[in-house]
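S.K.: Numbering (the working numbering), first residue to last: 150 to 350. All C-beta atoms, glycine included, are put in the ideal place defined by N, C-alpha and C. Attaching a single structure in structure tokens format; questions to follow.
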Amino acid sequence: MAGSETRRQLILEAMVRVVGRQGYKATSVADVIVEADVSRTTFYKHFGDKHECFLAAYDMVVERILGEVIANCDTEKPWLERIRVGLKTVVEMFALDPELARTAIVEVAAAGADARQRHWNAISQLTEFLEDGARPVDDGELPEHIGLMATGAVSGLIFDELLTGRAERLPELLPDLLFALLVPYIGPGAATQEMRRAAAG
150 MAGSETRRQL
160 ILEAMVRVVG
170 RQGYKATSVA
180 DVIVEADVSR
190 TTFYKHFGDK
200 HECFLAAYDM
210 VVERILGEVI
220 ANCDTEKPWL
230 ERIRVGLKTV
240 VEMFALDPEL
250 ARTAIVEVAA
260 AGADARQRHW
270 NAISQLTEFL
280 EDGARPVDDG
290 ELPEHIGLMA
300 TGAVSGLIFD
310 ELLTGRAERL
320 PELLPDLLFA
330 LLVPYIGPGA
340 ATQEMRRAAA
350 G
């Protein structure tokens with residue numbers, strides 16, 4: 150059983166790398182089995198087709214990203230500090246692994262409605278983390294779905310960088326991304342201060 154699970158994991162990792170390099174539509178099962186160094190029989194033992202494999206690989210990627218964020222964010226820390234650390238974790242992860250980043254943010258859009266639904270679910274999970282402990286700038290009620298709008302804006306900015314092959318530049322954009330994430334919650338003045346603090350290192 151352990152050997153079978155290891156081969157399945159190899160296939161999933163290969164799917165992430167190949168899709169991240171050449172795109173979902175251009176990726177074939179043949180590409181993945183070459184990358185994973187497994188047989189076609191082994192691939193079809195675990196997955197019905199390329200799409201099924203991609204969805205499983207995407208779930209793995211999301212679990213990995215969320216796991217890193219949660220591991221690095223001390224729940225005892227203030228909300229704002231957790232947001233800083235959580236966003237920095239994602240940005241640095243993506244900069245170090247552009248293939249994973251493109252699979253997670255860019256190529257999922259090409260993989261069909263069920264893949265896009267998984268992406269939306271991942272955004273929703275990050276939003277729940279974001280809103281846990283959030284306080285509106287004027288102590289009033291936050292607008293409904295404000296967290297989804299904020300995380301969606303950040304995802305869009307990251308998408309643009311990845312689409313043009315600039316994953317390594319993401320850490321440079323951390324101040325701007327932090328501003329986009331915080332401004333609906335704490336207002337432009339305070340968000341600008343946080344942006345400047347992030348830019349200063």
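1. What does a CB cutoff of less than 6 Å around D180 pick up in its chain, not counting 5 residues either side in sequence?
2. Run through DSSP, which three-state label would S177 get?
3. Apply the 10 Å Cβ neighbour rule to A151 and answer buried if 16 or more other Cβ atoms are within range, or exposed otherwise.
4. Find the nearest neighbour of D281 within the set E225, R265, K237, judged by alpha-carbon distance.
5. With the cut-off set at 7 Å, would you say V255 and L311 are in Cβ contact?
6. Anyone know if the C-beta pair for L319 and V240 falls short of 7 Å?
7. If I measure Cβ to Cβ from V218 and keep anything under 6 Å in the same chain, skipping five residues before and after, which residues do I get?
8. Determine the direct distance from the alpha carbon of E162 to that of R156, and round the result to whole angstroms.
9. Using the rule of at least 16 other Cβ atoms within 10 Å of the residue's Cβ for burial, across every protein chain shown, is Y193 buried or exposed?
10. State yes or no: is the C-beta of P333 within less than 7 Å of the C-beta of I295?
11. Going by DSSP in three states, E217 sits in which element: helix, strand or coil?
M.R.: Put simply:
1. Non-local C-beta neighbours of D180 in its own chain, meaning closer than 6 Å and more than five positions away in sequence, comprise V167, ordered along the chain.
2. S177 carries a coil assignment under DSSP once its states are collapsed to helix, strand and coil.
3. Residue placement at A151 cannot be trusted, given a pLDDT of 47 that sits under 50; the coordinates are not used to answer.
4. For D281, the closest C-alpha among the options E225, R265, K237 is that of E225.
5. A contact, by the Cβ cut-off of 7 Å.
6. Yes, these two residues count as a Cβ contact at 7 Å.
7. If we look at V218 and ignore the five residues flanking it on each side, its Cβ neighbours are G235, T238.
8. Distance between the alpha carbons of R156 and E162 is about 10 Å.
9. A residue is called buried once 16 or more other Cβ atoms fall within 10 Å of its Cβ, and Y193, having fewer, is exposed.
10. In contact: P333 and I295 (Cβ atoms closer than 7 Å).
11. Assigned with DSSP and collapsed to three states, E217 falls in helix.
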